[in-house]
Structure formats: C-alpha cells, structure tokens
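Take a look at the structure set out below.
Protein chains: 2
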Amino acid sequence: MRHAVAKKDGGALPGIPLGRAAPRVIPRGERPGVRYAMALSGQANYARPVTERGNDQPLPLSVDRTSPVPLYFQLARQLEAAVEQGRLAPGTLLGNEIDLAHRLGLSRPTVRQAIQSLVDKGLMVRRRGVGTQVVHSQVRRPLELSSLYDDLETAGQRPGTLVLRNAVEPAGAEAAAALGVPEGSEVHAVERLRSAHGEPVALLRNHLPLGLLPLPTGELEETGLYRLMRAAGITLHSARQSVGARAAAQAEARLLEEHAGAPLLTMERTTYDDTGRAVEFGSHVYRAGRYAFEFQLLVRP
Amino acid sequence: MRHAVAKKDGGALPGIPLGRAAPRVIPRGERPGVRYAMALSGQANYARPVTERGNDQPLPLSVDRTSPVPLYFQLARQLEAAVEQGRLAPGTLLGNEIDLAHRLGLSRPTVRQAIQSLVDKGLMVRRRGVGTQVVHSQVRRPLELSSLYDDLETAGQRPGTLVLRNAVEPAGAEAAAALGVPEGSEVHAVERLRSAHGEPVALLRNHLPLGLLPLPTGELEETGLYRLMRAAGITLHSARQSVGARAAAQAEARLLEEHAGAPLLTMERTTYDDTGRAVEFGSHVYRAGRYAFEFQLLVRP
DNA sequence: GTCAAGCGTTTGTCCTGACAAATGACGTCC
DNA sequence: GGACGTCATTTGTCAGGACAAACGCTTGAC
Chain B
0 MRHAVAKKDG
10 GALPGIPLGR
20 AAPRVIPRGE
30 RPGVRYAMAL
40 SGQANYARPV
50 TERGNDQPLP
60 LSVDRTSPVP
70 LYFQLARQLE
80 AAVEQGRLAP
90 GTLLGNEIDL
100 AHRLGLSRPT
110 VRQAIQSLVD
120 KGLMVRRRGV
130 GTQVVHSQVR
140 RPLELSSLYD
150 DLETAGQRPG
160 TLVLRNAVEP
170 AGAEAAAALG
180 VPEGSEVHAV
190 ERLRSAHGEP
200 VALLRNHLPL
210 GLLPLPTGEL
220 EETGLYRLMR
230 AAGITLHSAR
240 QSVGARAAAQ
250 AEARLLEEHA
260 GAPLLTMERT
270 TYDDTGRAVE
280 FGSHVYRAGR
290 YAFEFQLLVR
300 P
Chain V
0 MRHAVAKKDG
10 GALPGIPLGR
20 AAPRVIPRGE
30 RPGVRYAMAL
40 SGQANYARPV
50 TERGNDQPLP
60 LSVDRTSPVP
70 LYFQLARQLE
80 AAVEQGRLAP
90 GTLLGNEIDL
100 AHRLGLSRPT
110 VRQAIQSLVD
120 KGLMVRRRGV
130 GTQVVHSQVR
140 RPLELSSLYD
150 DLETAGQRPG
160 TLVLRNAVEP
170 AGAEAAAALG
180 VPEGSEVHAV
190 ERLRSAHGEP
200 VALLRNHLPL
210 GLLPLPTGEL
220 EETGLYRLMR
230 AAGITLHSAR
240 QSVGARAAAQ
250 AEARLLEEHA
260 GAPLLTMERT
270 TYDDTGRAVE
280 FGSHVYRAGR
290 YAFEFQLLVR
300 P
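Protein chains in written order, with numbering that gives the first Met the number 0: chain B, 0 to 300; chain V, 0 to 300.
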C-alpha cells in the first residue's frame with residue numbers, strides 16, 4: 000500500500016503546515032558537496048571527488064542469503080535506512096554498481112534492481128557516466144492511499160465517528176456513474192460525521208456496490224471504511240480523486256459547527272480494486288481550517 | 000515527467016467532474032471476463048480460458064531493432080496503446096512472458112522490463128502462477144507535475160497572465176523556510192493573476208532563490224513558470240504540496256472578482272530539482288467554482 | 001462428499017556476460 | 001588561451017539460462 004494523500008493539518012489556517020525538520024540553510028546556487036560513499040578499491044586516480052574528508056565510514060552493507068527476503072530488497076532497505084538516518088548524505092555518490100555488486104557478492108542486475116527501487120521512490124538519481132547520487136532528504140514517501148481515520152489516528156488525534164445514515168437505497172446519477180451501475184439500482188449509502196478530539200472535522204458520504212461487504216453500523220463507528228474493506232479481502236488498487244472547495248450549505252454547516260457559507264474543502268473519490276471494479280464512491284467535505292491535503296509528487300524521468 | 004496534479008474543472012460546482020467515458024454497467028460481484036490476448040502455441044490443454052470467443056486478433060506486436068528507441072520501451076508503448084484503444088480489454092490475460100519473448104525475438108528480461116513499466120503505471124497486475132492481467136481501463140496516467148498554465152492550455156482554455164509584482168525582496172518566514180534560506184535574505188518574488196477566457200482563475204504568489212534564472216516580466220506574461228524553469232535547464236524532481244481551503248480576503252476577492260469571504264481553494268507547493276535544492280515555493284489561491292485538483296492514486300504492492 | 005496431495009503453469013529472483021551511450025576530465029592543436 | 005578530440009568511467013540496454021515460489025486445477029485418499 001503506497002500512494003496516498005490526506006495528512007492532517009492541526010493548524011488553524013492552511014498556512015504552511017509541512018513539518019519541515021530543521022530548515023537547513025543552503026546558499027543559493029550551491030550544490031551539495033559531492034563525495035563518495037564507498038572507498039573505491041585503489042584503481043585509477045580517476046573520478047574520486049572524495050571531497051568532504053575522505054569517507055567517515057565505508058557504510059556497512061551486507062546481505063543474508065539464507066533469508067527468504069529477496070537480496071535486492073535487503074540491499075534496498077539498507078540503503079534507504081542509510082539515507083534516512085543521514086549516513087548517506089544528500090549529494091553523496093554511490094560507488095559504481097559493478098564494484099558494489101562485487102563487494103556484496105551479488106550480480107549487477109541485483110544491485111541495479113535495488114537501486115532502481117530507490118530511484119523510483121525518488122531517493123536517488125542516476126546519471127549515465129556520472130553515477131548514482133542521493134537526493135535531498137526532503138523527499139518522503141510518495142503518498143499512500145490512506146483513509147481519514149488512519150490519518151487522524153497516526154496523527155495522535157482520537158478519531159470519532161457518528162453514523163448519520165447507513166442504508167440501501169437507489170443510486171443517484173453521480174454515484175451510479177462512478178460505481179458503474181445503472182442509475183436507480185440499489186447501492187449501499189453511508190453518511191458519517193468524523194470528529195477529532197470531539198470536534199467535527201468532516202462529513203463523509205459514501206456509496207458502495209451492494210453485496211460487496213457487510214457494513215454494520217457498530218463497526219463503522221469503531222474504525223475506518225478502508226480498514227473494513229481491506230479486512231474483507233478487497234485489494235485496493237487505485238483511486239481517482241478530485242479536490243475542490245465550496246461554501247457550506249445550511250445542513251452541512253450545522254453538522255460541522257460552522258456557519259452557512261463557510262469555506263469547505265471538498266473531495267470526491269472513486270476507488271477501484273485490482274480487478275478494475277469500482278468499490279467505493281466518496282463525496283466528502285472538510286472544515287477548511289481543520290484539514291488540508293498534503294502530498295508529495297515525484298517526477299519520473 | 001510524470002506524477003502531477005491539477006486538472007482543470009470547467010464545471011461550476013465541484014460535483015463530479017471526472018470525464019467518465021461511457022459509464023459501463025458492471026453487475027455487482029461480477030469480475031470482467033478472463034480471456035487471453037495471444038494465441039498460445041498449441042501446448043498443453045492447460046490454462047486456456049479463452050472464454051470470450053477465441054481471440055479476435057492475435058494483437059500485432061513487433062519491435063524495430065534498428066531504432067534507437069529501447070526495445071522494452073517499444074514493446075511497452077505498443078501494449079499501452081493496445082490497452083488505451085481497447086484492443087486489450089480489461090481483465091485480459093497477457094500470454095506468458097516466455098512465449099511473448101519468443102514470439103518477438105526478445106529475451107525474457109526485456110519483456111519483463113516492458114511489462115513491469117506498465118505494472119508501475121497501474122495498467123496491469125501480475126500474479127504468480129496466474130499471469131499478467133490488464134486492469135480496468137479507468138486508470139489514467141498517475142499524474143504529472145504540471146503547471147496551471149499547461150493545464151489550462153491543454154484544456155483548450157486560453158490562459159492569460161497579469162504580472163502584479165516581480166521584484167527582489169527579503170524573504171518572509173514561510174518562503175525562507177521552504178526555500179531553505181535565512182529569513183530576510185533576498186529572494187525573487189513574483190505575483191501573478193492567471194485568467195482563462197479573460198476571467199480570473201487564480202492568484203499565484205511564488206518565491207524563488209535569487210540567481211536561479213532570469214524572470215523577465217514579458218516572459219512571465221507569455222508562458223508558465225515551470226516552462227521557464229525547464230527551459231533554463233532546471234530538472235524538476237519532486238514537489239511537496241498542501242491543498243486546503245479558506246475564505247477570500249478583501250484584496251484577493253477584488254482581484255479574483257469574488258466577494259470577500261468567498262471560498263477559495265488554496266495550494267502551497269515547494270518544488271525541488273534533482274540535486275535536492277528547493278527551486279520554488281508557491282502559495283496559490285484558486286476560485287472555488289473555477290478550479291479543482293484532479294488526480295489518480297496508485298497503490299503499489 | 002470432502003479434504004489433502006500432486007503437478008503443471010507462470011511469475012519472482014538471481015547469475016554471467018556483453019556492448020552501447022552519455023558524461024566529464026584530460027590532453028592536444030590552433 | 002580557447003576550442004576540439006580522445007579516453008576512462010559509469011549507467012543503460014539486452015541476451016540466455018537457472019531455480020524457487022505461488023497459484024489453480026486435477027487426482028487421489030479417507
């Protein structure tokens with residue numbers, strides 16, 4: 000499960016909620032110093048910009064061939080951990096793949112597979128004729144397809160749910176189109192008021208195909224919808240989201256403890272499982288001051 | 000350049016703007032029929048659920064070895080086109096990799112690389128012991144790090160830009176933290192009013208490190224900021240975004256032709272190049288009815 | 001009749017080997 | 001001194017082979 004969205008924003012105004020860890024001062028125009036991570040076996044005097052004091056540690060790397068964990072994955076995890084812990088500083092050049100493979104007793108394809116997975120995550124950049132370089136650590140995970148409930152919980156806010164509606168009813172035009180069922184056919188409709196620390200945060204309206212999974216009101220008040228779906232054996236695969244804003248209607252405002260006309264953040268989402276079936280259509284509104292979507296985008300070459 | 004966000008929403012209300020192509024009716028619980036794309040060379044009588052009338056066409060695939068385009072990429076593009084054009088229906092099983100490689104005169108790793116790139120895009124799902132299956136065609140590209148200008152232009156709206164400010168000034172706390180420069184140091188500040196069809200759509204405030212690239216006002220009125228940055232040789236790598244909503248302030252409202260207190264969609268974004276340098280911090284507000292962020296999320300296994 | 005074991009299929013992982021292309025630094029020529 | 005070509009380095013691409021693991025179906029046993 001990767002790729003997500005929706006991180007809580009505790010602040011009152013949507014200013015700049017990103018939790019920047021210790022804003023590092025980088026003079027403009029300067030590029031992070033280049034240095035090599037691994038000591039090159041005394042080959043040529045070529046390509047050895049071991050600038051920042053020659054190699055603090057050679058960076059311990061090893062793989063366990065008796066483990067059932069794939070070798071490329073073991074290596075990728077170690078490199079990723081090294082980046083996260085700062086043992087591989089941004090800008091550092093990884094030794095070349097051939098040496099690295101030889102050092103670890105692996106083949107080059109295996110090493111490449113490990114590095115490639117990190118490149119895909121945005122942690123490293125490869126340049127032909129140059130090498131593989133560690134990217135600035137600002138990069139976090141791309142984002143995960145997570146639920147509001149999980150987001151609130153991991154943020155330490157005690158999420159609460161009030162189920163306003165939980166019924167089977169004819170699908171409206173929007174929900175029917177999103178779920179790919181005929182308009183007017185019966186679907187499951189759920190409406191919930193989600194709160195954090197007892198204060199309302201969002202109004203969640205969801206429509207699901209009938210018969211996909213049981214949705215007892217008790218369960219809905221205890222946990223999130225995605226968690227229930229995953230527990231029912233549904234493999235979430237992709238989602239299509241649309242995020243906008245609008246003014247609160249009277250009824251919404253009352254539920255969310257806002258005044259009518261207050262700005263609300265809106266999100267419509269259709270989620271698909273790995274067979275391509277639409278398994279959920281959600282139409283959510285969030286209190287503007289209480290919530291913001293935060294996510295990371297990667298540019299793939 | 001992949002991974003993006005921000006697609007125009009012409010509609011007045013943030014209803015369900017996704018351009019669903021012909022909402023296909025799929026009875027609940029049904030899984031798309033399984034059929035094979037390629038005729039299996041008359042092997043065993045095993046695994047041949049060529050249900051839907053045995054193979055309309057064997058799907059023409061070929062690679063050109065004289066082309067400088069990598070073989071795996073040629074194959075990937077052909078498969079992708081086949082999926083998009085419906086020649087590879089959702090649920091279709093691709094023939095096994097070995098046969099496919101043999102048929103095309105390629106090696107299995109090359110075929111795997113092609114398929115893997117499509118799996119990464121979310122177009123296909125692999126299952127050991129089963130095969131590679133085409134996912135529901137609902138999936139579009141993951142999203143690209145695009146600019147509002149490009150979005151409007153590709154949507155056929157004639158984007159216009161009015162430069163309200165273009166100056167060098169001391170960085171405020173927010174911009175300084177985002178760009179990683181000391182507070183109060185000089186940065187480039189740009190403020191633009193972006194319109195479509197002559198109507199204002201968004202108010203764009205951007206801060207850039209000094210000396211990164213020249214920003215003539217004339218150029219800014221002609222094209223988008225990202226396009227200028229790319230033209231200046233800057234390789235955009237990742238961005239951190241936060242999307243929220245708030246009420247319009249007086250000054251904003253006047254510029255955007257809204258009334259004070261009207262709901263606005265807000266977006267803060269810090270963009271990094273491939274060396275990890277922050278190259279742009281943007282603080283944008285969009286008219287709620289005129290714009291919505293639309294994007295696709297993929298769940299990576 | 002039901003459950004477990006067996007078997008073939010298919011992808012997952014890994015290896016060895018090879019050549020091509022881009023990059024950056026050096027040396028040479030003008 | 002500056003422009004150019006040359007060269008070593010490094011990643012990109014591709015081939016061919018091998019074994020392991022998961023899956024689905026059939027077969028067999030109870």
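In this text, a Cβ means the ideal position worked out from N, Cα and C, and glycines have one as well.
Given the structure is predicted, the values throughout are model-derived calculations rather than measurements.
Between Gln77(V) and Arg107(V), the alpha-carbon positions lie close to 17 Å from each other.
Rounded to whole angstroms, the Cβ separation of Pro199(V) and Glu256(V) is 6 Å, and the two are in contact under 8 Å.
In terms of CA proximity to Leu212(B), His187(B) leads the group Gly197(B), Phe72(B), His187(B).
Judged by their CB atoms, Ala247(B) and Leu264(V) are not nearer to each other than the 7 Å cut-off.
By the rule that beta-carbons nearer than 7 Å mark a contact, Ala246(B) touches chain V. Residues of chain V with a Cβ closer than 8 Å to the Cβ of Asp273(B) are, in chain order, Val124, Val134. Check the Cα spacing between Ser146(V) and each of Gln249(V), Gly183(V), Leu235(V): the tightest is with Leu235(V).
Judged by beta-carbon spacing, Ala172(V) lies beyond the 7 Å limit of Phe280(V), meaning their Cβ atoms are not closer than that value. Taking CB atoms only, Gly130(V) has no neighbour in chain B less than 7 Å away. For Ala81(V), the closest C-alpha among the options Arg127(V), Ile97(V), Ser66(V), Val133(V) is that of Val133(V). Less than 7 Å divides the Cβ of Ser237(V) from the Cβ of Gly121(B). Following the DSSP letters along the chain, one finds Val278(V) inside the beta strand (DSSP E) bounded by residues 277-286. Against chain V, the beta carbon of Gln295(B) has neighbours under 8 Å at Ser237, Ala238, Arg239, Gln240, listed in chain order. Where Val118(B) is concerned, the enclosing alpha helix (DSSP H) starts and stops at 107-120. For Ala113(B), the CB contacts under 6 Å within the same chain, skipping 5 residues up- and downstream, are Tyr71, Leu74, Ala75 in chain order.
With a 10 Å radius around the Cβ and a threshold of 16 neighbouring Cβ atoms, Thr65(B) comes out exposed.
Three or more beta-carbon pairs separated by less than 8 Å link the region 212-230 of chain V to the region 154-166 of chain V, which places the two stretches in contact. Between Asp149(B) and Ala287(B), the alpha-carbon positions lie close to 19 Å from each other. Taking Ile233(B) as the centre and dropping the five residues before and after it, the same chain places the C-beta of Leu211, Leu212, Asp272, Val278 closer than 8 Å to its C-beta, in chain order.
Interface with chain B (7 Å Cβ-Cβ cutoff): Ala291(V) is included.
Taking a C-beta distance under 7 Å as the contact criterion, Glu190(V) and Arg229(V) do not qualify as a contact pair.
Shown here, Gln295(V) sits in a strand according to DSSP, grouped into three states.
Here His258(B) is exposed, its C-beta having fewer than 16 other C-beta atoms within 10 Å.
Under the 7 Å criterion on CB atoms, Ala287(B) is classed as interfacial with respect to chain V. The alpha-carbon of His196(V) is positioned some 6 Å away from that of Gln156(V). Assignment of His206(V) by DSSP, reduced to helix, strand and coil, places it in the strand class.
Just so you know, the alpha carbons of Glu152(B) and Arg276(V) end up roughly 32 Å apart.
It is roughly 6 Å from the alpha-carbon of Leu117(V) to the alpha-carbon of Met123(V).
At the C-beta level, Pro208(B) and Leu178(B) come within 7 Å of one another. Ranked by Cα distance from Ser282(V), the options Ile97(V), Leu219(V), Arg127(V), Arg239(V) are led by Arg239(V).
Residue-level contact check: Gly121(V) touches chain B, since one or more beta carbons of chain B fall below 7 Å from its beta carbon.
A direct Cα-to-Cα measurement between Arg193(V) and Leu202(V) gives close to 6 Å. At a cut-off of 7 Å, the C-beta of Pro199(V) has no neighbouring C-beta in chain B. For Pro158(V), no CB of chain B lies under 7 Å from its own CB, so it is not counted at the interface with that chain. Pairing Phe292(V) with Val298(B) gives a Cβ-Cβ distance that is not under 7 Å. Straight through space, the alpha carbons of Ala261(V) and Gln249(V) are spaced by roughly 10 Å.
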